[in-house]
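Each residue of the sequence shown is one higher than the one before, counting from 0 in numbering that gives the first Met the number 0.
Built from N, CA and C at the ideal position, the CB exists for glycine as well.
Bear in mind the structure is a predicted one, so any value in this text is a computation, not a measurement.
Data first, discussion second: the structure below is written as structure tokens.
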Amino acid sequence: MMETSLLFLRSTLNDFKQLLQYQAILPGLTPYYNHFYTNEFGKNEFLVVPDTQMDSFKIIVESGNSNVIVNQDDIPTFITGDRVVVIGGPFAGVEGIVMKYKHQKRVFVELQGVGRYATAYVPGAWIRRVNA
């Protein structure tokens with residue numbers, strides 16, 4: 000099983016876009032998008048971490064302290080088939096089933112006899128499991 004890691008890059012937007020041209024020869028190179036914000040065209044933009052937050056993060060990571068706690072409890076992991084409700088963002092109130100579409104987990108709503116309809120990407124923090 001391949002391990003997933005994050006690589007933080009300090010760059011100008013133009014230099015970053017040039018780097019993305021190498022995705023074909025660097026198969027793990029995938030930009031991370033800000034899933035809590037959309038621009039005026041309804042698109043998620045690349046995630047930008049402010050310098051102050053990155054500096055604080057580096058201090059914690061470089062400390063080597065074994066008492067560092069990573070808290071992602073409020074961002075649960077969902078698996079295909081989970082029944083969920085979207086609790087935030089433009090799709091708030093949508094109930095459906097988690098399914099993969101183009102390598103991303105999305106919330107699908109099925110209209111019986113008509114078809115399945117997928118939301119755009121929804122951050123895990125905006126989704127809650129519901130009882131079947």
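Pop quiz: isoleucine 86 and isoleucine 126 are said to be a contact at Cβ under 8 Å. What is the actual Cβ separation, rounded to whole angstroms?
7 Å
Sorted by chain position, which residues of the same chain lie with C-beta nearer than 7 Å to phenylalanine 35's C-beta, five sequence neighbours on each side aside?
Pro122
Excluding sequence positions up to five away, which residues of its chain have a Cβ less than 8 Å from the Cβ of proline 32?
Per the sequence presented here, residue 32 reads as tyrosine, with proline not at that position. Hits under 8 Å: Asn43, Glu44, Phe45, Leu46 and Tyr120.
Report the three-state DSSP secondary structure of threonine 11 (helix, strand or coil).
coil
Considering valine 60, what are the terminal residues of the alpha helix (DSSP H) in which it resides?
50-61
Please report the straight-line C-alpha distance between threonine 29 and aspartate 14, rounded to a whole angstrom.
15 Å
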